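Worksheet: the structure to be examined is printed underneath.
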Amino acid sequence: MHINSTILSGKGMLNEINSLVKNRHHVLFLTDKNIINLADVSKLIKNIQDIAPVFTLIDDIPPEPSHHDVTALLTKMKISNADLVIGIGGGSVLDVAKLVSVLCVKEADITLEQLLNGDKPTKRCTSLLIPTTAGTGSEATPNAILAIPEKETKQGIISPVMLPDYVCLVPELTTSMPKHIAASTGIDALCHLIECFTATISNPVGDNYALIGMQKLFNSLERSTRDKSDIEAKLTMLWASYYGGAAIAHAGTHLVHAMSYPLGGKYHIPHGIANAILLVPCMAFIRDAVVDKFAQAYDLLPDAVLTLTAEEKSYALVEYFKQLVQRLELPSKLQELNIDPKDLPYLVEGALEVKRLMNNVPKKVSKDDVLAMYQSLL
Ligand SMILES: NC(=O)c1ccc[n+]([C@@H]2O[C@H](COP(=O)([O-])OP(=O)(O)OC[C@H]3O[C@@H](n4cnc5c(N)ncnc54)[C@H](O)[C@@H]3O)[C@@H](O)[C@H]2O)c1
Ligand SMILES: [Fe+2]
Numbered sequence: 454m455h456i457n458s459t460i461l462s463g464k465g466m467l468n469e470i471n472s473l474v475k476n477r478h479h480v481l482f483l484t485d486k487n488i489i490n491l492a493d494v495s496k497l498i499k500n501i502q503d504i505a506p507v508f509t510l511i512d513d514i515p516p517e518p519s520h521h522d523v524t525a526l527l528t529k530m531k532i533s534n535a536d537l538v539i540g541i542g543g544g545s546v547l548d549v550a551k552l553v554s555v556l557c558v559k560e561a562d563i564t565l566e567q568l569l570n571g572d573k574p575t576k577r578c579t580s581l582l583i584p585t586t587a588g589t590g591s592e593a594t595p596n597a598i599l600a601i602p603e604k605e606t607k608q609g610i611i612s613p614v615m616l617p618d619y620v621c622l623v624p625e626l627t628t629s630m631p632k633h634i635a636a637s638t639g640i641d642a643l644c645h646l647i648e649c650f651t652a653t654i655s656n657p658v659g660d661n662y663a664l665i666g667m668q669k670l671f672n673s674l675e676r677s678t679r680d681k682s683d684i685e686a687k688l689t690m691l692w693a694s695y696y697g698g699a700a701i702a703h704a705g706t707h708l709v710h711a712m713s714y715p716l717g718g719k720y721h722i723p724h725g726i727a728n729a730i731l732l733v734p735c736m737a738f739i740r741d742a743v744v745d746k747f748a749q750a751y752d753l754l755p756d757a758v759l760t761l762t763a764e765e766k767s768y769a770l771v772e773y774f775k776q777l778v779q780r781l782e783l784p785s786k787l788q789e790l791n792i793d794p795k796d797l798p799y800l801v802e803g804a805l806e807v808k809r810l811m812n813n814v815p816k817k818v819s820k821d822d823v824l825a826m827y828q829s830l831l
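Its first residue numbered 454, the sequence shown is counted upward by one per residue in this note's numbering.
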């Protein structure tokens, strides 16, 4: 898969966006209630408003959006001729911006319903994605994830046409993240990297992205959550997240993400939190099938003991993940999220239904295995 986005990265890069707006007729700007209040974002909006002849602002994209949210948005906007879509926010905003870029292009050839049914778009308007979490890596993936409340799960809409023309990785925008969001979204990036690296459909291109991303993440996740003002760590995390997205574009996630879908879909647990809870049991489960890959990942840890055997390194990596989730003070038990143990069979069914991801698990996984993993979290 080609990722052709032009990337602007570094402190102060928001100032470069003016040049992308010149000569556009109608700029559609999507964000959420928290991001709109950031000083850098208000300034950016003011600048764009001064340049673009027509400017539409949507500032209420909800977290973990559902297909109903997107339908309501499209009805409210009644727009079919935007020529630049800008999405600035976490994965929730970026995913909606990607969908809007194919649904609101002039003479759009597809509807949301058709996208949900698996039909593919062929065109989009010019798009610019600016992540404020690090993160989903949505700016580098062909995916947009929507909650499907009727089925109490989530669905991925996938097309490389949704990949953006421009990406802006601006570290100062991520400094306002509360610690728990920086930590949980960072674990989401880690899940993308380690799952893609160990997926049945892994390949050298995706592996390359995953290894570079993990090295960056191991060096910056804790620093960037501990010290908001560590701009270098914040930028490194944005790149780690971007590489996670690029790894998804070339391979795919598996067990953690499949098992987190029903937690998000039924209980509305934020994506990164659901993944943080599931990371350790899922990695412990697949460990024996991916010893060499885990050993390679372990070697990237800043304090790796390189003389260990591959088997020892694979155990040590799982232990590192366990300690990391604890040090980041993220929940590690389902009860902390008010999940009723009676619902476990439902969660198991939901996870097994995510066949797109379950097919990527590098080890045979049964219904009982999935149940045992959820049970280990009670
Ligand atoms: N497209 C993909 O490839 C992909 C991959 C993983 C997850 N996702 C999806 O992305 C969504 C989750 O995205 P997310 O984890 O980035 O969280 P999010 O976008 O839902 O944001 C979580 C919360 O953090 C706030 N926030 C974000 N950035 C902030 C900042 N800089 N300062 C202060 N507050 C900030 C938001 O306003 C929101 O309240 C889910 O719907 C998930 O399914 C998509
Ligand atoms: Fe994810």
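Built from N, CA and C at the ideal position, the CB exists for glycine as well. Because the structure is a prediction, the values reported are computed rather than measured.
Contact between A693 and S673 is confirmed by a C-beta separation of about 7 Å, below the 8 Å threshold.
Nearest in C-alpha terms to L770, of all of N791, R740 and Q779, is R740.
The continuous beta strand (DSSP E) containing I539 extends over residues L537 to G542. Short note on E517: C-beta closer than 6 Å to some heavy atom of ligand 1.
Restricting attention to S767, P755 and T606, the CA atom closest to the CA of D745 is found in S767. L556 sits in a helix when the DSSP states are folded into three classes.
As the crow flies, the alpha-carbon of L805 is around 7 Å from that of M811. Beta-carbon to beta-carbon, K786 and L830 are separated by about 6 Å, close enough to satisfy the 8 Å threshold. Taking 4 residues as the shortest admissible run, the stretch 746-780 contains the following complete alpha helix (DSSP H) segments, listed from N- to C-terminal end: 763-780.
Non-local beta-carbon contacts of L754 in its own chain, meaning distances under 7 Å to residues more than five positions away in sequence, involve F671 and Y773 in chain order. By the criterion of at least three beta-carbon pairs nearer than 8 Å, the stretch 723-731 is in contact with the stretch 634-650. The Cβ atoms of T628 and K681 lie closer than 7 Å to each other. Of the candidates G609, L783, G540 and N468, N468 places its Cα closest to the Cα of L497. Sequence-distant partners of E675 (beyond 5 residues in either direction) whose C-beta falls short of 8 Å from its own C-beta, in its chain, are L777, R780 and L781. With fewer than three CB-CB distances shorter than 8 Å, the stretch 577-584 does not count as touching the stretch 517-525.
As summarised for the stretch 673-707, the continuous alpha helix (DSSP H) elements at least 4 residues long and confined to that stretch are 684-703, given in chain order.
Less than 7 Å divides the Cβ of N500 from the Cβ of N471. For N471, the enclosing alpha helix (DSSP H) begins and ends at I470 to V474. Taking a C-beta distance under 7 Å as the contact criterion, H707 and A742 do not qualify as a contact pair. When secondary structure is reduced to three states using DSSP, I514 falls in the coil class, being assigned neither helix nor strand. Annotation for N596: no alpha helix (DSSP H) segment contains it, though the beta strand (DSSP E) segment containing it runs N596 to I601. I654 counts as exposed, since fewer than 16 other beta carbons sit within 10 angstroms of its beta carbon. With 16 or more neighbouring CB atoms inside 10 Å of its own CB, S677 falls in the buried class.
Spatial neighbours of V494 in its own chain (CB-CB distance under 8 Å, excluding positions within 5 residues in sequence) are listed in chain order as T484, I488, I541 and L626. Contact check for A750 and M667: beta-carbon distance about 6 Å, within the 8 Å limit, so the pair qualifies. Within its own chain, the residues whose Cβ lies closer than 8 Å to the Cβ of D513, once the five positions on either side in sequence are excluded, are D485 and K486, listed in chain order. Scanning its chain for C-beta atoms nearer than 7 Å, with the 5 sequence neighbours on each side dropped, one finds around V709 the residues C644, E648, N728, L731, L732 and C735, in chain order.
In the DSSP assignment, T459 falls outside any alpha helix (DSSP H) and lies within the beta strand (DSSP E) extending over T459 to S462. Take the alpha-carbon of G697 and the one of L646: they are about 5 Å apart. Counting the other CB atoms within 10 Å of its CB gives L473 a total of 16 or more, which places it among the buried residues. For K808, the uninterrupted alpha helix (DSSP H) run begins and ends at K808 to M811, by DSSP.
Between ligand 2 and D641, a heavy atom-to-CB distance of less than 6 Å is present. Only residues of its own chain outside the window of five on either side were considered, and among them H703 and A704 have a CB closer than 8 Å to the CB of N656, listed in chain order. Annotation: the continuous alpha helix (DSSP H) that includes V523 extends over H520 to M530.
Annotated three-state conformation of C621 is strand, per DSSP.
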